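A.B. asks:
In UniProt numbering, the protein residues as written are 1 to 684.
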């Protein structure tokens, strides 16, 4: 049966009311922005007439615009005109026609045919309508307005009545044309949308029916609070039937997101740069030059860093973590060999920086990240909110906080589990500690340990509010601390078994150190994997300390981690201080003097990384095939005689080739040759 026009209007109103109620109920996480918008529309004297909301794809700009619209439509005398730049051809006339259509729909103007252009007619109607209504014009996907940006700003907006307010939403901050003018700056407010917090994520998931704590934790680790990723994940969780037009699994979600985000990347050159940048956690023009083995133009680099999901970091630029994971997965699927090549080149870059004696904690950390050991990447590089934490040395002024920390810790007598998630492999490493172990640790150590060893063993981890959330106890080894280390549980097993000569090596002056004993890395919240990751990352400076690093633990996860880092188990130094069924091996890493470089090179990929670098440099310097073979042999520290035997040529021939290679690199001997090569960037 056909419905009458009146019935249709009622039905449409019911559907609209129902949908608005559902949308309001599902809307979370943007209270600050909504309150700002309320102030924006309620103040008739507000000089800020233009509100620009921006942020990366999927951050929730469109949903926020819809929330603004729902709020306006509940108020008398207000009209909300919403446009999307993707819905009309980019021309002033088409823009005007879209506005006229909405004005007619909202105000029932019954527009008659006019000989005026659509733009002039639109401006006339807006001026007339604004006398009786407060009008708000919203333009979503503003980044797609393209060449119309100048017209929109300099022609359309300048022609509007002052009472009309404008909302823009796009992926990028407004261009220089807006922000270089003091006049425009005075009437524009820009608001950057960020990901949901954990509490907002939990609220969103609860509204979607996800209430199990472990599920919430899983989705939080996977999405990092990114709204679109969260929405797709919640949809997959609640899906009860086959809906092929939506992604369901995590891998499919990342693939879907990649297609959405890469709509900004519209040519092969930019895509190639983006792939290289995604393999790196941080990048600049020099690192991209190296791993791509070619020069990157400044124009291309600027286009890359202008993408909405690329942001500045402490070490250059970086791609949003979820997008980076999605792109990496895409590369791995399409061109696995190319992905492995980019990974090798990335590790080679940081190894070269270390070889140049310009190494820092950060460069050593990045080298380990790119080596590809999954448990290290998962445990040490949990990026979320790391920049918001900081370390404060323990001293007399804050020792009371250490005492309060242990008082709180002593009240915790449960099993504890933290999860380290690797999005690229969808693998979670489980760090489990039993209640018995936690209680035994409380019995073995407390604030008195810090007092005995000295304040300098302690480092407090604080959050952005200045609250203490973690503690590390790392003892510098010298003649003052070694006697106490021989007495204390956990450390005594190692230090008591030392020979007299070995012990003497540790007995340096009280103002120095010969090594470090890692006694505790602890979080007040046992499930806080990000703070644990922050504590682990803070250990990297020890690799540059020039000493020996020692630790002992019965926890399987940490045993796996120390062995992945190349620590060796010390014979006759296993103890049972945590209980008769809790064997605790002691592990040692020696990075004294030249041992650091030897240690870094011991990892399985390193030799091939250096060979890859040597071959790239050789290619750039136009070495012959035979000269390349001999150069690789020199890199392998073979003598001329050994090279001759290996290549089945005479030793005299080898000497001639070596002389030619030295001449091409303008050096006098093999030592200078290899030093020169390892300092070179292959694209020069």
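Even glycine gets a Cβ: it sits at the ideal position worked out from N, Cα and C. Since the structure is predicted, the reported quantities are computational estimates derived from the model, not experimental observations.
Which whole runs of the beta strand (DSSP E) in the segment 563–599 are 3 residues long or more, in chain order?
C.D. replies: The qualifying runs are 586–590.
A.B. asks: Around the C-beta of residue 158, are 16 or more other C-beta atoms found within 10 angstroms, so that it is buried, or is it exposed?
C.D. replies: That one is exposed.
A.B. asks: Taking only runs of the alpha helix (DSSP H) that begin and end inside the segment 385–463, which ones reach a length of at least 4 residues, in chain order?
C.D. replies: Taking only runs of at least 4 residues, the alpha helix (DSSP H) segments lying wholly in the segment 385–463 are 399–410, 435–444 and 447–453.
A.B. asks: Here's a check: name, in chain order, each residue in its chain whose Cβ is nearer than 6 angstroms to the Cβ of residue 432, leaving out the five neighbours to either side.
C.D. replies: Excluding residues within five positions, the ones whose Cβ falls inside 6 angstroms are 417.
A.B. asks: Apart from the five residues just before and just after residue 520, which ones in its own chain have a Cβ nearer than 6 angstroms to its Cβ?
C.D. replies: These residues qualify, in order along the chain: 473.
A.B. asks: With 16 as the cutoff for other CB atoms within 10 Å, does residue 576 come out buried or exposed?
C.D. replies: Result: exposed.
A.B. asks: So residue 539 and residue 405 are in contact, right, with Cβ under 8 angstroms, and what is the actual spacing, rounded?
C.D. replies: Rounded, the Cβ-Cβ distance is 20 angstroms, inconsistent with contact.
A.B. asks: As a quick exercise: from 481, 511, 488 and 490, pick the residue whose alpha carbon is nearest that of residue 503.
C.D. replies: Taking only the C-alpha atoms, the option nearest residue 503 is 481.
A.B. asks: Just the Cα atoms here: how many angstroms apart are residue 581 and residue 483?
C.D. replies: If I take the Cα positions, the gap works out to 28 angstroms.
A.B. asks: Can you give me the C-alpha to C-alpha distance between residue 665 and residue 657, rounded to a whole angstrom?
C.D. replies: The straight-line gap from Cα to Cα measures roughly 13 angstroms.
A.B. asks: Does DSSP classify residue 212 as helix, strand or coil?
C.D. replies: Here residue 212 sits in coil by DSSP.
A.B. asks: Pull up the distance between the alpha-carbon of residue 353 and that of residue 317, whole angstroms please.
C.D. replies: Near 18 angstroms, if we compare the C-alpha coordinates of residue 317 and residue 353.
A.B. asks: List, from N- to C-terminal side, the beta strand (DSSP E) runs of 3 residues or more that fit wholly inside the segment 259–337.
C.D. replies: 310–313 and 316–319, all fully within the segment 259–337.
A.B. asks: Here's the rule I'm using: 16 or more other beta-carbon atoms within 10 Å means buried, otherwise exposed. How should residue 162 be labelled?
C.D. replies: By the neighbour-count rule (16 or more Cβ atoms within 10 Å), residue 162 is not buried but exposed.
A.B. asks: Measure the beta-carbon distance from residue 300 to residue 273 and round it to whole angstroms, keeping in mind my assumption that it falls under 8 angstroms.
C.D. replies: Sure, about 6 angstroms apart at Cβ, within 8 angstroms.
A.B. asks: Which residue's Cα is closest to the Cα of residue 59: 190, 188, 218 and 231?
C.D. replies: If we check each option's Cα against that of residue 59, 231 comes out closest.
A.B. asks: Check for me: the alpha helix (DSSP H) holding residue 55 runs from which residue to which?
C.D. replies: That residue, residue 55, is in no alpha helix (DSSP H); it is neither H nor E in DSSP.
A.B. asks: Does the beta-carbon of residue 55 have 16 or more other beta-carbons within 10 angstroms, so that it is buried, or is it exposed?
C.D. replies: Result: buried.
A.B. asks: Taking DSSP as the reference, what is the three-state secondary structure of residue 125?
C.D. replies: Note: residue 125 maps to helix in three-state DSSP.
A.B. asks: Go through its chain and collect everything with a Cβ distance to residue 688's Cβ below 6 angstroms, but skip five positions before and after it.
C.D. replies: Examination of residue 688 is not possible in this model, given that the chain is present from 1 through 684 alone.
A.B. asks: I need the DSSP call for residue 475, collapsed to helix, strand or coil.
C.D. replies: Residue state, collapsed to three classes: strand.
A.B. asks: The alpha helix (DSSP H) with residue 672 in it runs from where to where?
C.D. replies: Note, residue 672: alpha helix (DSSP H), 670–679.
A.B. asks: So, with DSSP's three-state summary, where would you put residue 192?
C.D. replies: Strand at residue 192.
A.B. asks: So which of 476, 475, 458 and 546 has the shortest CA-CA distance to residue 468?
C.D. replies: Per the Cα distances, 458.
A.B. asks: Note down the Cα distance separating residue 443 from residue 489, rounded to an integer number of angstroms.
C.D. replies: Taking the straight line from one Cα to the other gives about 10 angstroms.
A.B. asks: Please state if the CB of residue 429 and the CB of residue 475 are separated by a distance shorter than 8 angstroms.
C.D. replies: Going by C-beta atoms, residue 475 is not nearer than 8 angstroms to residue 429.
A.B. asks: Which same chain residues end up closer than 6 angstroms to residue 506 when comparing Cβ atoms and leaving out the 5 residues on each side of it in sequence?
C.D. replies: Taken in chain order, the residues that qualify are 477, 482 and 514.
A.B. asks: So for residue 103, helix, strand or coil by DSSP?
C.D. replies: Here residue 103 sits in helix by DSSP.
A.B. asks: Look at the alpha carbon of residue 676 and the alpha carbon of residue 596, and state the distance between them as a whole number of angstroms.
C.D. replies: Cα to Cα, the separation comes out at about 20 angstroms.
A.B. asks: Below 8 angstroms, how does it come out for the segment 69–82 and the segment 194–213: are there three or more Cβ pairs, yes or no?
C.D. replies: They do not touch, by the three-pair rule.
A.B. asks: Between which two residues does the beta strand (DSSP E) holding residue 139 run?
C.D. replies: Per DSSP, residue 139 belongs to the beta strand (DSSP E) from 134–140.
A.B. asks: Helix, strand or coil: how does DSSP classify residue 667 here?
C.D. replies: Coil.
A.B. asks: Identify whether residue 8 lies in helix, strand or coil by the three-state DSSP scheme.
C.D. replies: Low confidence applies to residue 8: its pLDDT is 44, below 50, so where it sits in the model is not reliable enough to give any reading.
A.B. asks: Do you know offhand how far residue 116's Cα is from residue 95's?
C.D. replies: Cα to Cα, residue 116 sits roughly 15 angstroms from residue 95.
A.B. asks: Got a sec? Which residues, its chain only, sit under 7 angstroms from residue 435 by beta carbon, not counting five neighbours each side?
C.D. replies: So the list reads 413, 414 and 415, once near-sequence residues are dropped.
A.B. asks: At which residues does the alpha helix (DSSP H) containing residue 771 begin and terminate?
C.D. replies: A question about residue 771 goes unanswered here, because the residues of the chain that appear run from 1 up to 684.
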